[in-house]
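One structure below.
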Amino acid sequence: GNSSVFVDGVPYSVTGGSFTIEKLTGKWAGSEGDKTLHGTVELRLLGSEGERTVRGTMAVLVVTWG
């Protein structure tokens, strides 16, 4: 399928990239847990002005059910 993102309100097609998990914090406890994945993201984007690469950090809460 096709993927896309908005950067500063401008749509871009995602042509490639990666998510790298670097650290895991918190505890597992189902919906009450606070397990968080920390890492970096790099995306190759194609827009009207050509291709560009964006890089940044991320942190996302992980919830388990089971």
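If you use the working numbering, the sequence shown corresponds to residues 152 to 217, in order. Beta carbons are placed, not taken as given, at the ideal position from N, Cα and C, and that holds for glycine.
Below-8 Å beta-carbon distance, residue i vs any chain B residue
| i | result |
| --- | --- |
| G168 | Protein chains in the displayed structure number just one, and chain B is not present. |
Proximal residues to residue i (C-beta, below 6 Å), its chain only, five neighbours per side dropped
| i | result |
| --- | --- |
| T187 | T176, G177, A210, L212 |
| T166 | R195, L197 |
Under 8 Å between C-beta atoms of residue i and residue j
| i | j | result |
| --- | --- | --- |
| L197 | V205 | no |
8 Å contact criterion, which residue i and residue j should meet: CB distance rounded
| i | j | result |
| --- | --- | --- |
| N153 | S164 | 7 Å |
Between the CA atoms of residue j and residue i - distance to the nearest angstrom
| i | j | result |
| --- | --- | --- |
| V192 | I172 | 9 Å |
| G190 | R203 | 21 Å |
| G160 | T208 | 19 Å |
| K174 | E200 | 35 Å |
| T185 | V158 | As written in the sequence, residue 185 is Asp, which differs from the Thr given in the question. Each residue's alpha carbon lies about 28 Å from the other. |
| V214 | W179 | 8 Å |
Neighbourhood of residue i by C-beta distance below 7 Å, restricted to the same chain and skipping five residues each side
| i | result |
| --- | --- |
| P162 | S155 |
DSSP bridge partner residues for residue i (one or two, in chain order)
| i | result |
| --- | --- |
| K140 | One cannot answer for residue 140 here, as it falls past the ends of the chain, which runs 152 to 217. |
| V156 | Y163 |
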